[in-house]
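S.K.: I am attaching a structure below and will ask some questions about it afterwards.
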Amino acid sequence: MGFTTSALAGSYTEVGDAGQLLGTAQSTVGTGALTDIFGSVSDVHDVDLYLINITNFAAFSASTVNSGTDAFLDTQLFLLTTSGKAVCANDNSGGGFQSLLGAGSCGSSLGNGQYLLGIGSGFYDPVDANNVLLFAPNNGQESVRGPNSAFALAGYTDNGAFDPNFGAYDIKLTGAAAVSAVPEPATVALMLGGLAICGLSASRRQRSSTKTSV
Ligand SMILES: [Ca+2]
Ligand SMILES: [Ca+2]
Numbered sequence: 017m018g019f020t021t022s023a024l025a026g027s028y029t030e031v032g033d034a035g036q037l038l039g040t041a042q043s044t045v046g047t048g049a050l051t052d053i054f055g056s057v058s059d060v061h062d063v064d065l066y067l068i069n070i071t072n073f074a075a076f077s078a079s080t081v082n083s084g085t086d087a088f089l090d091t092q093l094f095l096l097t098t099s100g101k102a103v104c105a106n107d108n109s110g111g112g113f114q115s116l117l118g119a120g121s122c123g124s125s126l127g128n129g130q131y132l133l134g135i136g137s138g139f140y141d142p143v144d145a146n147n148v149l150l151f152a153p154n155n156g157q158e159s160v161r162g163p164n165s166a167f168a169l170a171g172y173t174d175n176g177a178f179d180p181n182f183g184a185y186d187i188k189l190t191g192a193a194a195v196s197a198v199p200e201p202a203t204v205a206l207m208l209g210g211l212a213i214c215g216l217s218a219s220r221r222q223r224s225s226t227k228t229s230v
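In the numbering used here, each residue carries its 1-based index in the sequence shown increased by 16.
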């Protein structure tokens with residue numbers, strides 16, 4: 017993770033390709049409420065995980081039901097704790113392929129704080145280390161599904177036949193903020209200055225030894 021031009025107030029844009037396991041999740045950067053995460057699912061086996069800060073769990077929502085998400089991208093959204101345990105997931109909402117975790121739909125037993133928000137294809141489900149589905153079976157349902165396994169995310173599995181499935185998405189959020197703030201310009205200048213100094217490497221003297229040929 018680094019500071020990039022994508023870190024605009026209110027929104028975060030995927031940098032390269034966000035990873036799909038706990039160690040490779042992308043940590044969101046921004047200022048104020050986090051209203052949008054922009055990115056893309058590059059194929060049916062691309063899942064993007066984002067570390068977000070839920071500032072109001074009761075009001076938290078995440079949705080790809082919008083024109084910023086490609087109409088033919090069959091999304092699935094799921095929320096995990098930072099240790100990778102299932103909270104809630106949805107495949108389809110509103111009669112389409114896009115997804116909605118509505119305010120209040122993820123229960124009320126958990127508090128504010130950091131969570132992992134995942135987005136991937138509706139044909140590719142998170143599983144634990146025993147290959148057990150983290151969430152109740154999908155079956156293209158419109159319901160918000162709760163935990164099926166008490167164990168942490170370890171990988172993914174195809175849930176059946178799938179079509180080519182890729183495209184851009186816009187995850188619209190409420191009740192959330194980025195995990196870290198956009199660095200102040202002065203801080204960025206200092207960091208760039210440090211990098212420039214590191215780049216000044218001393219030149220090495222090359223020594224050559226002469227051999228006497230017999
Ligand atoms: Ca991606
Ligand atoms: Ca879907």
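A virtual CB, placed ideally from N, CA and C, is assigned to each residue, including glycine. All values reported here derive from a predicted model rather than from experimental measurement.
With a threshold of 7 Å (Cβ to nearest heavy atom), would Q157 be considered close to ligand 2?
M.R.: False, no ligand heavy atom lies under 7 Å from that Cβ.
S.K.: Could you have a look at L169 and say whether DSSP puts it in helix, strand or coil?
M.R.: L169 falls in the coil class under three-state DSSP.
S.K.: So who's on the other strand from G134, going by DSSP bridges?
M.R.: Answer is L65, F94, bridged to G134.
S.K.: Quick one: grab the DSSP three-state call for G26.
M.R.: Correct three-state label for G26: coil.
S.K.: Where does L38 sit, in a helix, a strand or coil, going by DSSP?
M.R.: Three-state DSSP puts L38 in a helix.
S.K.: Under a three-way DSSP split, which group does T21 fall into?
M.R.: Because T21 sits at a pLDDT of 47, beneath the cut-off of 50, its placement in the model cannot be relied upon, and the point is left open.
S.K.: Considering only the beta carbon of each residue, do A102 and L65 sit closer than 8 Å?
M.R.: Going by C-beta atoms, A102 is not nearer than 8 Å to L65.
S.K.: DSSP beta-bridge partners for V45?
M.R.: Answer is S196.
S.K.: In the DSSP assignment, the beta strand (DSSP E) including F54 goes from what residue to what residue?
M.R.: Here the beta strand (DSSP E) through F54 covers 52–57.
S.K.: Taking one C-beta from the segment 103–110 and one from the segment 59–74 each time, how about it: are there three or more such pairs within less than 8 Å?
M.R.: Segments in contact, no.
S.K.: What does the alpha-carbon distance come out to for the pair T7 and D174?
M.R.: What is shown of the chain runs 17 to 230, which leaves residue 7 out entirely.
S.K.: Using the rule of at least 16 other Cβ atoms within 10 Å of the residue's Cβ for burial, across every protein chain shown, is E30 buried or exposed?
M.R.: Buried.
S.K.: Is the beta carbon of L89 less than 8 Å from the beta carbon of F167?
M.R.: Contact flag unset, no.
S.K.: Where does F142 land, buried or exposed, given buried means 16+ other C-beta within 10 angstroms?
M.R.: Phe is not the amino acid found at residue 142; the sequence shown has Pro there. P142 comes out buried.
S.K.: Distance check for A192 and F139, CA to CA, integer angstroms please.
M.R.: Rounded to the nearest angstrom, the two C-alpha atoms are 27 Å apart.
S.K.: Could you check if S124 is buried or exposed, using at least 16 other CB atoms within 10 Å of its CB as the buried criterion?
M.R.: When all chains shown are included, S124 counts as exposed.
S.K.: Beta-carbon separation of D62 and G136 under 8 Å?
M.R.: In this structure, G136 lies closer than 8 Å to D62 by Cβ.
S.K.: Going by C-alpha distance, which of A170, N155, L150, Q157 is nearest N164?
M.R.: Out of A170, N155, L150, Q157, L150 has the C-alpha closest to the C-alpha of N164.
S.K.: Tell me whether V57 counts as near ligand 1, meaning its Cβ is closer than 7 Å to at least one heavy atom of that ligand.
M.R.: Yes.
S.K.: With respect to the beta strand (DSSP E) encompassing N102, which residues constitute its N-terminal and C-terminal limits?
M.R.: Contrary to the premise, residue 102 reads as Ala rather than Asn in this sequence. Taken as a continuous stretch (DSSP letters only), the beta strand (DSSP E) holding A102 covers 102–106.
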